[in-house]
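For my numbering, add 10 to where a residue sits in the sequence shown, where the first one is 1. A virtual CB, placed ideally from N, CA and C, is assigned to each residue, including glycine. Reviewing the structure listed below.
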Amino acid sequence: MRRLWRQADRWCARFPITWAIVSAGVKGALGDQIAQRLVEQKQTADLRRTAVYTTYSGLYLGGIQYFVQCRFLEWAFPGRTALSVARKVAFDQFVHIPFVAYPCLYLIKEAFMPSKNPDAN
11 MRRLWRQADR WCARFPITWA IVSAGVKGAL GDQIAQRLVE QKQTADLRRT AVYTTYSGLY
71 LGGIQYFVQC RFLEWAFPGR TALSVARKVA FDQFVHIPFV AYPCLYLIKE AFMPSKNPDA
131 N
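This is the structure:
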């Protein structure tokens with residue numbers, strides 16, 4: 011078992027983005043299923059909704075956000091001082107999330123679950 015764990019650990023270290031995409035996608039799918047079944051107490055799962063959260067979690071949170079958090083923010087606000095960390099958090103909360111992350115979620119949601127707007131032509 012220990013050997014298997016070490017192999018998995020090495021694979022994750024060799025392919026961090028692939029691992030981030032897969033693990034975030036699985037967490038998105040499981041999280042949505044837990045929300046639907048336990049919180050909302052739905053009898054049948056909305057698989058389109060699960061596809062939205064799986065796709066968003068995998069591609070955006072696992073893939074793109076890796077570059078935002080680990081590459082871009084380190085480049086834009088280098089260092090680990092309290093001021094540098096505060097700048098990273100402020101940028102993430104007040105620029106990245108509202109103007110990039112949420113629009114991506116809504117685009118994915120619209121692709122999988124088109125709104126039924128009667129005014130749309």
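Residue from the options whose Cα sits closest to the Cα of residue i
i          : options            : result
residue 79 : 65, 47 and 98      : 98
residue 9  : 25, 126 and 119    : The structure shown has nothing for residue 9, since the chain only spans 11 to 131.
residue 72 : 60, 28 and 104     : 28
residue 38 : 61, 122, 90 and 23 : 61
CB-CB length for residue i against residue j, believed under 8 angstroms
i          : j          : result
residue 68 : residue 41 : Between residue 41 and residue 68 the Cβ distance is about 12 angstroms, and since that is not below 8 angstroms, they are no contact.
Neighbour-count burial assignment, residue i, 16 or more Cβ in a 10 Å radius
i          : result
residue 31 : buried
residue 93 : exposed
residue 75 : buried
N-terminal and C-terminal residue of the alpha helix (DSSP H) that residue i is part of
i           : result
residue 113 : 112 to 122
residue 108 : Counting along the chain, residue 108 falls outside any alpha helix (DSSP H), and DSSP gives it neither H nor E.
residue 94  : 92 to 101
Contact set for residue i: own chain, Cβ-Cβ below 7 angstroms, skip 5 residues either direction
i          : result
residue 52 : 46
Cβ-based neighbour list, residue i, same chain, cut-off 8 angstroms, excluding 5 preceding and 5 following
i          : result
residue 83 : 98, 101 and 102
residue 15 : none
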